[in-house]
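**Student:** Questions regarding the structure given below will be posed in turn.
Number of protein chains: 2
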Amino acid sequence: MSKSESASPALTQSVTRALGILSCFTDERPELRAGDVAKIMNLTPSNVSRLLTTMVTLGYVEKDELSGLYRLGDQIITLGGIALNNSEIRKLALPELYDLEGRLGLGANLAVRKGSSMFYLAHVDSRHAPRMYTLLGRTNPLYCTGIGKVLLAHAKEPESDMKQIELIGYTEHTLTDRAALLEELAAVRRRGYAVEVEELARGRACIAAPIRGRSGKIVAGLSLSGPLSDIRLPEREGELAGVVIEVADRISVKLGFLSAQA
Amino acid sequence: MSKSESASPALTQSVTRALGILSCFTDERPELRAGDVAKIMNLTPSNVSRLLTTMVTLGYVEKDELSGLYRLGDQIITLGGIALNNSEIRKLALPELYDLEGRLGLGANLAVRKGSSMFYLAHVDSRHAPRMYTLLGRTNPLYCTGIGKVLLAHAKEPESDMKQIELIGYTEHTLTDRAALLEELAAVRRRGYAVEVEELARGRACIAAPIRGRSGKIVAGLSLSGPLSDIRLPEREGELAGVVIEVADRISVKLGFLSAQA
DNA sequence: TATTGAATTGCGTAATGCGCAAATAGATTA
DNA sequence: TAATCTATTTGCGCATTACGCAATTCAATA
Numbered sequence: 002m003s004k005s006e007s008a009s010p011a012l013t014q015s016v017t018r019a020l021g022i023l024s025c026f027t028d029e030r031p032e033l034r035a036g037d038v039a040k041i042m043n044l045t046p047s048n049v050s051r052l053l054t055t056m057v058t059l060g061y062v063e064k065d066e067l068s069g070l071y072r073l074g075d076q077i078i079t080l081g082g083i084a085l086n087n088s089e090i091r092k093l094a095l096p097e098l099y100d101l102e103g104r105l106g107l108g109a110n111l112a113v114r115k116g117s118s119m120f121y122l123a124h125v126d127s128r129h130a131p132r133m134y135t136l137l138g139r140t141n142p143l144y145c146t147g148i149g150k151v152l153l154a155h156a157k158e159p160e161s162d163m164k165q166i167e168l169i170g171y172t173e174h175t176l177t178d179r180a181a182l183l184e185e186l187a188a189v190r191r192r193g194y195a196v197e198v199e200e201l202a203r204g205r206a207c208i209a210a211p212i213r214g215r216s217g218k219i220v221a222g223l224s225l226s227g228p229l230s231d232i233r234l235p236e237r238e239g240e241l242a243g244v245v246i247e248v249a250d251r252i253s254v255k256l257g258f259l260s261a262q263a
Numbered sequence: 002m003s004k005s006e007s008a009s010p011a012l013t014q015s016v017t018r019a020l021g022i023l024s025c026f027t028d029e030r031p032e033l034r035a036g037d038v039a040k041i042m043n044l045t046p047s048n049v050s051r052l053l054t055t056m057v058t059l060g061y062v063e064k065d066e067l068s069g070l071y072r073l074g075d076q077i078i079t080l081g082g083i084a085l086n087n088s089e090i091r092k093l094a095l096p097e098l099y100d101l102e103g104r105l106g107l108g109a110n111l112a113v114r115k116g117s118s119m120f121y122l123a124h125v126d127s128r129h130a131p132r133m134y135t136l137l138g139r140t141n142p143l144y145c146t147g148i149g150k151v152l153l154a155h156a157k158e159p160e161s162d163m164k165q166i167e168l169i170g171y172t173e174h175t176l177t178d179r180a181a182l183l184e185e186l187a188a189v190r191r192r193g194y195a196v197e198v199e200e201l202a203r204g205r206a207c208i209a210a211p212i213r214g215r216s217g218k219i220v221a222g223l224s225l226s227g228p229l230s231d232i233r234l235p236e237r238e239g240e241l242a243g244v245v246i247e248v249a250d251r252i253s254v255k256l257g258f259l260s261a262q263a
């Protein structure tokens with residue numbers, strides 16, 4: 002092979018490729034033709050065909066025989082559940098999320114950072130405004146979500162992190178200006194919580210606070226979210242911020258953080 | 002290689018092995034040492050080490066550097082979410098599950114068959130008695146859950162299916178006698194719904210009905226579940242059965258089943 | 001510090017998975 | 001209905017890749 006895979010040493014090639022194929026499936030494009038995969042991955046059709054066949058046999062991928070489209074299989078759902086249930090943070094935070102929803106009737110969410118994004122480890126839907134899809138596992142940008150801003154603000158190097166990230170405008174309220182975002186992150190650090198109003202999706206808002214692990218490092222974020230009409234910012238900002246912080250701190254303690262904060 | 006992998010032709014060996022390794026992680030044993038994996042999979046330690054390293058690099062597996070234990074990684078959670086959100090049945094059923102929980106205050110669950118088990122595609126927790134773990138993706142036996150009994154009862158060949166399955170007693174109420182189980186399945190077919198009382202877990206019960214796809218084939222099951230004190234069988238059996246069947250039928254219609262049932 | 005046990009890396013081999021090209025299946029149009 | 005075109009899957013031989021062995025490193029325990 003002339004063009005190297007730009008892979009680190011000692012990685013198993015076919016496994017790298019197969020798992021790469023799995024990662025081609027996204028919320029936006031959850032069903033793919035074999036040819037699409039070959040294009041995306043820069044592999045030969047024959048190779049893709051064999052890898053897909055292997056994964057179908059093992060239940061990691063499904064083939065719709067009618068349309069010929071491939072999608073993620075049952076085994077992925079099962080493993081996702083196992084991974085989720087094994088999460089310590091999730092386990093400790095979940096009761097608190099239920100409690101939050103019960104007290105306020107707002108959606109309660111827990112997310113952690115993953116590279117230049119974040120993804121949800123738990124969420125409890127608001128009774129009034131349940132979403133009709135799972136957030137679980139969903140990756141969202143850092144710069145335009147409440148939890149994301151919290152995680153970014155307290156990162157080791159927020160500025161250099163930010164440089165890696167392209168600031169896409171999802172709505173007219175998305176902060177796409179780096180200077181403005183930096184200022185916002187400073188405000189998040191100062192206040193101890195983040196607010197997000199219609200920066201990712203029209204009509205929705207959230208308010209988020211950091212969760213710390215034993216070492217004091219921020220390991221996750223907690224947020225309350227819902228339609229604007231429920232969150233009602235800025236009137237309720239103080240009230241809601243107080244609650245999220247209180248509960249986030251409680252989770253931090255459960256994780257072993259000795260609350261003697263600075 | 003002397004001992005064949007007993008694999009069908011044209012499967013990529015290293016991928017088969019890598020995905021096999023992923024499937025070693027279960028709810029019961031969510032964290033494994035490299036050596037354990039080697040034992041379970043009958044592979045050499047060096048091979049396992051390299052496959053695990055590959056999967057760690059790609060985010061499918063995590064290694065706890067402190068304990069040396071491996072567990073499923075973030076990428077699995079993300080893919081699980083994508084797979085879940087892509088499920089047509091889930092999408093159509095979820096609003097109905099919320100509706101059920103709202104009306105009755107009981108947990109509402111949707112599950113499909115997978116081999117000789119079933120797994121959950123959706124669930125809405127009861128406000129009163131939320132579970133503190135996700136059912137999503139969890140595999141449960143067919144013969145001692147409400148939905149499972151529904152799926153088994155209406156399988157093409159329930160009897161031969163049953164022969165494959167070992168009947169383990171989870172509680173003293175689990176049906177471990179094949180004749181008794183067959184009779185129970187006949188009753189499920191006759192009544193059009195299944196009841197399960199403490200057959201899988203002490204103190205819990207559920208009542209389930211089948212969901213049919215366009216072709217009339219049963220593609221999933223719907224259940225109401227909760228602690229015995231909420232379900233209160235047999236007094237509420239008629240009431241709850243009526244509701245599950247009604248809602249299951251509604252979901253069937255959404256799936257394209259033309260309700261002219263036999 | 002010595003000793004055990006597990007996990008990882010080096011290395012040569014041959015089995016494995018790859019790409020090419022042919023064949024098949026499926027879709028679209030004449 | 002037949003014919004053409006596209007997309008996916010199989011056959012095959014070569015070379016790469018990934019395998020197992022063995023040495024090494026690392027960690028835990030005595």
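Order-wise, the sequence lines are chains D and S.
Its first residue numbered 2, the first sequence is counted upward by one per residue in my numbering.
Its first residue numbered 2, the second sequence is counted upward by one per residue in my numbering.
Glycine included, C-beta positions come from ideal geometry on N, C-alpha and C.
1) For chain D, check one thing: does any of its Cβ atoms lie closer than 9 Å to the Cβ of Gly257 (chain S)?
2) Measuring straight from C-alpha to C-alpha, what distance separates Ile232 (chain D) and Leu234 (chain S)?
3) Would you please state the rounded distance, in angstroms, between the beta carbons of Ile77 (chain S) and Ala84 (chain D)? I believe it to be under 8 Å.
4) Please work out which residues of its chain come closer than 8 Å, Cβ to Cβ, to Lys157 (chain D), disregarding the five sequence neighbours upstream and downstream, and give them in chain order.
5) What residues match up with Ile212 (chain D) in a beta bridge as DSSP calls it?
6) Give me the chain S residues within the contact set of Gln165 (chain D), using Cβ-Cβ distance strictly less than 9 Å, ordered along the chain.
7) Take every Cβ of the segment 201-208 of chain D, pair it with every Cβ of the segment 91-101 of chain D, and state whether three or more of those distances are shorter than 8 Å.
8) Please state whether the Cβ-Cβ distance between Pro200 (chain S) and Thr146 (chain S) is less than 9 Å.
9) Below 7 Å CB to CB, which residues in the same chain sit around Gly81 (chain D) once its five sequence neighbours on both sides are set aside?
10) Do the segment 128-135 of chain D and the segment 177-189 of chain D make contact, defined as three or more Cβ pairs closer than 8 Å?
11) Indicate the three-state DSSP secondary structure (helix, strand or coil) for Asn110 (chain D) in the structure shown.
12) Just to confirm the assignment: which complete alpha helix (DSSP H) runs, minimum length 4, are found wholly within the segment 99-186 of chain D?
13) Give me the subset of the segment 8-41 of chain D whose CB atoms are less than 9 Å from a CB atom of chain S, sorted by chain position.
14) CB-CB under 8 Å to Leu166 (chain D), same chain, minus the five flanking residues each way: which ones, in chain order?
15) Would the segment 49-56 of chain S count as touching the segment 13-29 of chain S if we require 3 or more Cβ pairs under 8 Å?
16) Does the beta carbon of Gly81 (chain S) come closer than 9 Å to any beta carbon on chain D?
17) Do you know offhand how far Ile246 (chain D)'s Cα is from Arg104 (chain S)'s?
18) How would you call Arg91 (chain S), buried or exposed, if buried means at least 16 neighbouring beta carbons within 10 angstroms?
19) Please identify, using Cβ separations under 8 Å, the residues of the segment 141-160 of chain D that lie next to chain S, in order along the chain.
20) What is the rounded straight-line gap between the Cα of Lys115 (chain S) and the Cα of Gly149 (chain D)?
21) Closer than 8 Å, Cβ to Cβ, to anything on chain D: give me those residues from the segment 63-78 of chain S, in chain order.
22) Starting from Arg51 (chain D), trace the alpha helix (DSSP H) both ways and give me its first and last residue.
23) With a threshold of 9 Å between beta-carbons, can Met2 (chain S) be considered close to chain D, or not?
24) Where does Leu67 (chain S) fall in DSSP's three states?
25) Verify the CB distance criterion: does Leu59 (chain D) have a CB-CB separation below 9 Å to chain S?
26) What's the call for Asn43 (chain S), buried or exposed, on a 16-neighbour Cβ count within 10 Å?
27) Starting from Ala195 (chain D), follow the beta strand (DSSP E) in both directions and report where the run begins and ends.
28) Distance cutoff 9 Å, beta carbons only. Does Gly106 (chain D) sit that close to anything in chain S?
29) Leaving aside the five residues before and after Leu73 (chain D) along the sequence, list all residues of the same chain whose C-beta is less than 8 Å from its C-beta, in chain order.
30) Could you tell me whether the Cβ of Asn86 (chain D) comes closer than 9 Å to any Cβ of chain S?
31) Taking only the alpha-carbon atoms, compute the straight-line gap between Ala180 (chain D) and Leu256 (chain D) and give it to the nearest angstrom.
32) Taking CB distances under 9 Å as the criterion, tell me whether Ile246 (chain D) reaches chain S.
33) Which chain D residues sit within Cβ distance under 9 Å of Pro269 (chain S)?
34) Less than 6 Å between C-beta atoms, sequence neighbours within five positions excluded: which residues of the same chain meet that for Asp265 (chain S)?
35) Comparing the CB of Ser161 (chain D) with every heavy atom of the ligand NAP, is any distance shorter than 8 Å?
**Tutor:** On the basis of the supplied data:
1) The residue given as residue 257 (chain S) occupies position 256 in the second sequence. Not closer than 9 Å to any Cβ of chain D, the Cβ of Gly257 (chain S) fails to qualify, so no.
2) On the first sequence, residue 232 (chain D) is found 231 positions in, with the first residue counted as 1. On the second sequence, residue 234 (chain S) is found 233 positions in, with the first residue counted as 1. One C-alpha to the other measures close to 40 Å.
3) Working through the second sequence from its first residue, we reach residue 77 (chain S) at position 76. Working through the first sequence from its first residue, we reach residue 84 (chain D) at position 83. With 8 Å as the limit, Ile77 (chain S) and Ala84 (chain D) qualify as a contact, their Cβ atoms being about 5 Å apart.
4) Mapped onto the first sequence, residue 157 (chain D) falls at position 156. Excluding positions up to five away in sequence, the list is empty.
5) Numbered from 1 along the first sequence, position 211 holds the residue referred to as residue 212 (chain D). Per DSSP, D:Ala221.
6) The residue given as residue 165 (chain D) occupies position 164 in the first sequence. What Gln165 (chain D) touches in chain S, judged by beta-carbon distance under 9 Å, is nothing: the nearest beta carbon there is about 17 Å away.
7) no
8) For this step, residue 200 (chain S) is matched to residue 199 along the second sequence. For this step, residue 146 (chain S) is matched to residue 145 along the second sequence. It is Glu, not Pro, that sits at residue 200 (chain S) in the sequence shown. Going by C-beta atoms, Glu200 (chain S) is nearer than 9 Å to Thr146 (chain S).
9) In the first sequence, counting from the first residue as 1, residue 81 (chain D) sits at position 80. Gly138, listed in sequence order.
10) no
11) Against the first sequence, residue 110 (chain D) aligns to sequence position 109. Correct three-state label for Asn110 (chain D): strand.
12) 147-154 and 159-165
13) Answer set for the segment 8-41 of chain D: Ala8, Ser9, Ala11, Leu12, Thr13, Gln14, Ser15, Val16, Thr17, Arg18, Ala19, Leu20, Gly21, Leu23, Ser24, Phe26, Thr27, Asp28, Pro31 and Glu32.
14) Taking the first sequence and counting its residues from 1, the one referred to as residue 166 (chain D) is at position 165. According to the sequence provided, residue 166 (chain D) is Ile. The question's Leu does not apply to it. Only Ser117, Pro142, Leu143 and Tyr144 meet the Cβ criterion.
15) yes
16) Taking the second sequence and counting its residues from 1, the one referred to as residue 81 (chain S) is at position 80. So, interface residue.
17) On the first sequence, position 245 is the one that residue 246 (chain D) refers to. On the second sequence, position 103 is the one that residue 104 (chain S) refers to. In this structure, the CA atom of Ile246 (chain D) is about 33 Å from the CA atom of Arg104 (chain S).
18) Start at 1 with the first residue of the second sequence, and residue 91 (chain S) comes out as number 90. Classification of Arg91 (chain S): buried, given that the 10 Å Cβ count is 16 or more.
19) Result list empty, no residue passes.
20) What you label residue 115 (chain S) is simply residue 114 of the second sequence in a count that begins at 1. What you label residue 149 (chain D) is simply residue 148 of the first sequence in a count that begins at 1. Straight-line Cα distance between these residues: approximately 36 Å.
21) Arg72, Leu73, Gly74, Asp75, Gln76, Ile77 and Ile78
22) To locate residue 51 (chain D), count along the first sequence from 1; it is residue 50. Arg51 (chain D) -> alpha helix (DSSP H) spans Pro46 to Thr58.
23) Translated into positions along the second sequence, residue 2 (chain S) becomes position 1. Confidence at Met2 (chain S) is low in this model, with a pLDDT of 36, below 50, so the placement of that residue is unreliable and no value is reported for it.
24) As a position in the second sequence, residue 67 (chain S) is number 66, starting the count at 1. Here Leu67 (chain S) sits in coil by DSSP.
25) The residue labelled residue 59 (chain D) in the question sits at position 58 within the first sequence. Chain S contact via Cβ: present.
26) Start at 1 with the first residue of the second sequence, and residue 43 (chain S) comes out as number 42. Under this definition Asn43 (chain S) is an exposed residue.
27) As a working note, residue 195 (chain D) is residue 194 in the first sequence. Segment Ala195 to Val198, the beta strand (DSSP E) holding Ala195 (chain D).
28) In the first sequence, the residue the question calls residue 106 (chain D) occupies position 105. By this cut-off, Gly106 (chain D) is not an interface position.
29) Within the first sequence, the letter at position 72 stands for residue 73 (chain D). Excluding sequence neighbours, Leu73 (chain D) sits near Leu23, Phe26, Pro31, Tyr61, Val62 and Glu63.
30) What you label residue 86 (chain D) is simply residue 85 of the first sequence in a count that begins at 1. Yes - at least one Cβ of chain S is within 9 Å of the one on Asn86 (chain D).
31) Mapped onto the first sequence, residue 180 (chain D) falls at position 179. Mapped onto the first sequence, residue 256 (chain D) falls at position 255. Spanning the two alpha carbons is a distance of roughly 34 Å.
32) Position 245 of the first sequence holds residue 246 (chain D). No, because no Cβ of chain S sits closer than 9 Å to the Cβ of Ile246 (chain D).
33) Nothing can be reported for residue 269 (chain S): it is not among the residues displayed for chain S, which extend from 2 to 263.
34) The structure shown has nothing for residue 265 (chain S), since chain S only spans 2 to 263.
35) As far as ligands go, the structure on display features none, and thus does not contain the ligand NAP.
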